[in-house]
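Residue numbers are given in numbering that gives the first Met the number 0: position 51 of the sequence shown equals residue 50, and the series is strictly consecutive.
Built from N, CA and C at the ideal position, the CB exists for glycine as well.
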Amino acid sequence: MAMSTHFAHSLVLTYALPAEALRQLVPPGLELDTYPRGEQGVEYGFVAAALVDTRALRPAFLPARLGRDFLLTGYRVFTRFRTPGGRTMRGLRILRSDTDTRLMRLGGNLFTRYNYRLAHISSRATDDGTLEFRVDSADGHADLLVRADLHSAPAPLPPHSPFADARAARRFAGPLPYTFEYEPQTRSVIVVKAFRTQWDPQPVCVDVRRLTFFDHGPLAGTRPVLANAFHVAGVDYGWHRGVRHTENDGIR
């Protein structure tokens with residue numbers, strides 16, 4: 000179902016990991032989106048941790064006054080989808096999604112493939128330009144506490160970022176125009192296209208006090224490096240109904 004909302008704030012932290020550690024998270028039909036690090040020859044893949052304060056989220060055919068406000072967090076791996084016709088789409092594959100209300104968990108799981116879980120999430124923006132998100136997940140596998148200095152924009156790249164410059168980092172500033180999921184029953188890739196206005200993400204300095212996602216599951220034991228952090232505010236955002244691409248490039 001097509002959905003519309005307004006981003007009061009969206010803060011996305013992108014973490015770099017060795018490509019081989021992430022390929023296990025990419026299903027058939029998709030490829031890991033990678034970036035090489037200069038003379039060292041290390042190939043990196045990336046996971047985005049997105050924190051979003053949404054306003055008036057609702058089916059696109061409804062007016063904004065009938066929408067609801069939600070806090071959403073999610074983890075996505077940067078991927079590419081190559082159609083049999085030769086077109087390449089860059090997007091994100093869902094790893095985990097959390098929300099602060101039972102209504103969003105129910106509705107989100109009914110109308111999307113995001114597999115929302117319920118968590119305690121808070122967001123606070125202060126007069127001194129600090130934006131804070133705190134997430135306490137039910138299973139402890141997606142706890143997060145981060146503070147962003149919005150006055151630091153445009154900020155330099157974080158220490159040890161693999162990106163050569165800000166331009167390269169911006170290519171991995173989520174969310175991307177597409178979200179992908181693999182449907183094993185039909186051996187198809189579901190492509191969801193987003194639409195947005197005034198999209199100008201700004202690099203910001205962040206202080207990540209707690210992040211447990213990489214301590215559990217298939218990425219446990221890895222050493223992710225903060226590669227960039229981008230913030231946007233006051234953006235109208237939405238997504239179209241998903242389109243199924245079959246192996247022979249049939250579209251349904």
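Rounded straight-line distance, which links the Cα of residue j to that of residue i
{"i": "F162", "j": "A168", "result": "6 Å"}
{"i": "P158", "j": "L225", "result": "8 Å"}
{"i": "D235", "j": "D138", "result": "32 Å"}
{"i": "L156", "j": "D126", "result": "24 Å"}
{"i": "P62", "j": "D199", "result": "25 Å"}
{"i": "E42", "j": "E19", "result": "8 Å"}
Residue burial classification, residue i (beta-carbon count within 10 angstroms, cutoff 16)
{"i": "S160", "result": "buried"}
{"i": "M103", "result": "buried"}
{"i": "S187", "result": "buried"}
{"i": "D52", "result": "buried"}
{"i": "E180", "result": "buried"}
{"i": "L105", "result": "exposed"}
{"i": "P35", "result": "exposed"}
{"i": "H215", "result": "exposed"}
Assigned secondary structure, residue i (DSSP; H/G/I helix, E/B strand, else coil)
{"i": "A124", "result": "strand"}
{"i": "D99", "result": "coil"}
{"i": "F213", "result": "helix"}
{"i": "L105", "result": "helix"}
{"i": "S9", "result": "strand"}
{"i": "S136", "result": "strand"}
{"i": "H150", "result": "helix"}
{"i": "R170", "result": "coil"}
Proximal residues to residue i (C-beta, below 7 Å), its chain only, five neighbours per side dropped
{"i": "L144", "result": "R133, R208, R209"}
Close-in-space but distant-in-sequence residues of the same chain around residue i (CB under 6 Å, 5 per side omitted)
{"i": "A152", "result": "Q201, V203"}
Residue nearest to residue i in terms of C-alpha spacing, selected from the options
{"i": "G241", "options": "L65, G216, D206, V190", "result": "V190"}
{"i": "H140", "options": "A124, H150, A118, E131", "result": "A118"}
{"i": "G220", "options": "F6, L175, L21, S3", "result": "L21"}
{"i": "L91", "options": "H5, N227, P174, V231", "result": "P174"}
{"i": "D142", "options": "H5, F212, R79, T13", "result": "F212"}
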